[in-house]
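Trainee: Chain order of the listed sequences is A and B. The first sequence begins at 1 in this note's numbering and counts up one residue at a time. The second sequence begins at 1 in this note's numbering and counts up one residue at a time. Using N, Cα and C, we set each Cβ at its ideal position, and we do this for glycine too.
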Amino acid sequence: MNHTAQHAAHHTAHAVRRLAVAEARLFLREPLTAFFGLAFPVVLFLVLGSVPALRKTSPGMHGMSTIQLYAPILAVFTLLLLGLNGLPSLLAAYRERGVLRRMSASPVRPALLFGALLPLYLAVAVVSVLLVVVAGPLLGVALPRQPLGFLLAFLLAAAALLSIGLLLAAVVPSAKAGNAVGALAFFPMMFFSGIWLPREFMPALLNRIGDFTPSGAAVQTLQDAWAGHFPHAVGLLTLAAYAVLAGAAAARLFRWE
Amino acid sequence: MAVIEVAGLSKAYGRRQVLEGVSFGVERGEVFGLLGPNGAGKTTAVECCEGLRRADTGTVRVLGLDPVKDAHRLRPRIGIQLQQAQLQGALRVGEALELYAALYPNPRDWRELLDEWGLADQRRTPFDKLSGGQRQRLFIALALIGNPEVAFLDELTTALDPQGRRDTWELIRRIRDDGVTVVLVSHFMDEVEALCDRAAVLDGGRIVATGTPAELIARSGTGGTLGFRPTAPLDTARLAALPGVTGVEERDGRVEVSGVGDFADEVTGLLAREGIVVTGLRIREHSLDDAYLALTRHDS
């Protein structure tokens, strides 16, 4: 790397850092989003876990308790919230207001904004998952027994759901549409994550369909890793495929103005 | 040395031709105005210079660079104020300046700009809570934060009150005194007259005139009017016959003579020779406003 290129790379890194700091402040200034993204999963986890019946293991659920089933679902919740509610409405609003256009008039590419937002959202999701994981032992939910598999599944789930968020942000025409489309995708994905009816209780066909949805695959792979198995390759590949396809489509379709 | 050279620039949006064979040049250190009615293509022309739009045909060089192909080398050296843009609603003024300073390789001290543009009291105010004038000043400050050699300012005083406009003009002069070349898009003639060393008038996607404000007024063929109340009878036909006089009107004992060039000297000379004393003498020189209307008038 020659001197100029080194300088440019250093400058880009500096710009991304400042962007990430600014976006982090803006994220925290939305108290509702910040609460739901960071704390809601662990709060719901503790509330559900305080019900003794939900902590009881049952042979019908392969010797697991209901709260054990909920742990990976709540780990995925923040990713769904950020990917489907957060990114599309945020980026569509930025486009509508001309924030992206203003940035594109500066020396940096507006794509650097992704370089700031995605790590930020990933960090928020990591915090929320860590809170659920460390709260687990209080409720009789052990730490994930297959940490490497857990990490891999979580990163792939994050890549898949945030890429889908980017794709939605790329195609929605306005901030209003961003909210609507985000919500439209959010509820079925919530359903397949099992938040209302854990996947174990779903009819076999629905469960099978769920395996190939981003949220279903995310919950299943995390659950496997939690229980100590390395996640099934089909689940991991499903997540990877969503990440690559949605990411590539978003990159092709994204409009800055 | 020319800082901006535009030659034969054409641009169409779909089937709508927005610019047709536009050519102009901007010299280093001058304040150059691009003026014209709404839809004349001013913003498109300036966006082609900024590299935000690609010209269909023609060449554009800014600081010797192609604004689109060499964007990565040009952008750090220019500052852009966009006509319609907003920042993140909850982003505070100080944070916005600090953030944009980080996007440039050789930025100015953003605290200095905060003071210079009268935003020190708004440092912690979120963008959405700013008044129109404060937003405008913030955007001008953002255009200057990278220490630009050329600053493009698009309709910069639109949201400002009269005092704010005068203050902004003073700051634009200071920018120019610092050696920054300024390209000003405007439809306010008083602004162009007060600030610009030279200007180009765009109309219907074509340049209809280029020159100093004084040259534009002269070229438009509009001169001025001389009005007075003669104390003795006066033959208006003799006034009309004077060189440079283009029209004479008499109403209720008041005479209005319009003309170009030295017509006023001719009129006062005639009055002196005839020994006619006049009262209520008023001279109005045509402004750039009149010139602009004459240059962009459509005979349809």
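B:Y100 versus chain A: which residues are under 7 Å apart at the beta carbon?
Mentor: Within chain A, the residues near B:Y100 are S106.
Trainee: Applying the criterion that 16 or more other CB atoms from any shown protein chain within 10 Å of the CB defines a buried residue, is A:L148 buried or exposed?
Mentor: Classification of A:L148: exposed, given that the 10 Å Cβ count is below 16.
Trainee: Tell me, please, whether the CB atom of B:P76 is closer than 8 Å to any CB atom in chain A?
Mentor: Yes, contact with chain A.
Trainee: Taking A:F191 as the reference, give the member of A:V172, A:G216, A:Y121 with the closest Cα.
Mentor: Per the Cα distances, A:G216.
Trainee: In terms of residues, what are the limits of the beta strand (DSSP E) holding B:V201?
Mentor: Per DSSP, B:V201 belongs to the beta strand (DSSP E) from 198-203.
Trainee: Nearest-angstrom Cα distance between A:P31 and A:K56?
Mentor: In a straight line, the C-alpha of A:P31 is about 35 Å away from that of A:K56.
Trainee: Any residues in the region 103-114 of chain B with a beta carbon nearer than 7 Å to a beta carbon of chain A? Which ones, in chain order?
Mentor: Against chain A - using a Cβ distance shorter than 7 Å - the residues of the region 103-114 of chain B are L103, Y104, P105.
Trainee: For a quick check, are the C-beta atoms of B:L304 and B:L63 less than 8 Å apart?
Mentor: Nothing can be reported for residue 304 of chain B, as the shown portion of chain B is limited to 1 through 300.
Trainee: By the criterion of Cβ-Cβ separation under 9 Å, what are the contact partners of A:V124 in chain B?
Mentor: Those do not exist, as A:V124 stays about 17 Å from chain B at its closest Cβ, beyond 9 Å.
Trainee: Exposed or buried, A:S174, counting other C-beta atoms within 10 Å across all chains shown (16 or more means buried)?
Mentor: With fewer than 16 Cβ atoms within 10 Å of its Cβ, A:S174 is classed as exposed.
Trainee: Can you list the residues of chain A that B:I80 reaches, using a CB-CB cut of under 7 Å?
Mentor: Result: A105.
Trainee: Rounded to a whole number of angstroms, what is the C-alpha to C-alpha distance between A:P144 and A:L245?
Mentor: The alpha-carbon atoms of A:P144 and A:L245 are separated by roughly 29 Å.
Trainee: Would B:P37 and B:R92 qualify as a contact pair, given that the criterion is a beta-carbon distance under 8 Å?
Mentor: Going by C-beta atoms, B:P37 is not nearer than 8 Å to B:R92.
Trainee: Please report how far the alpha carbon of B:A102 lies from the alpha carbon of B:Q86, in whole angstroms.
Mentor: When rounded, the distance between both Cα atoms is 18 Å.
Trainee: Rounded C-beta distance between A:G235 and A:D211? I'm assuming under 8 Å.
Mentor: Between A:D211 and A:G235 the Cβ distance is about 7 Å, and since that is below 8 Å, they are a contact.
Trainee: What does a CB cutoff of less than 6 Å around A:A159 pick up in its chain, not counting 5 residues either side in sequence?
Mentor: Excluding residues within five positions, the ones whose Cβ falls inside 6 Å are A243.
Trainee: Within 8 Å (strictly less), CB to CB, does A:H3 reach chain B?
Mentor: Closer than 8 Å: no.
Trainee: Measure the C-alpha to C-alpha separation of B:G58 and A:L82 and round it to an integer number of angstroms.
Mentor: Approximately 45 Å between the Cα atoms of the pair.
Trainee: With which residues is A:Y121 paired in a DSSP beta bridge?
Mentor: In DSSP, A:Y121 forms no bridge with anything.
Trainee: Under 8 Å Cβ-Cβ, which residues of chain B neighbour A:L26?
Mentor: Chain B residues near A:L26: Q88, A90, L91.
Trainee: If we define contact as Cβ-Cβ less than 8 Å, is B:A85 a contact residue for chain A?
Mentor: It does; some Cβ of chain A falls within 8 Å.
Trainee: Taking the beta carbon of A:S128 as the centre, do at least 16 other beta carbons fall within 10 Å, making it buried, or is it exposed?
Mentor: Buried: at least 16 other Cβ atoms inside 10 Å.
Trainee: Quick check: the region 126-140 of chain B against the region 176-193 of chain B, are at least 3 beta-carbon pairs closer than 8 Å?
Mentor: These segments do not touch.
Trainee: Residues bridged to B:Y13 by DSSP?
Mentor: Answer is B:R16.
Trainee: Helix, strand or coil for B:V26? Go by DSSP, reduced to three states.
Mentor: Of the three classes helix, strand and coil, the one that applies to B:V26 here is strand, per DSSP.
Trainee: Nearest-angstrom Cα distance between B:A141 and B:A151?
Mentor: Their backbone Cα atoms lie some 11 Å apart in a straight line.
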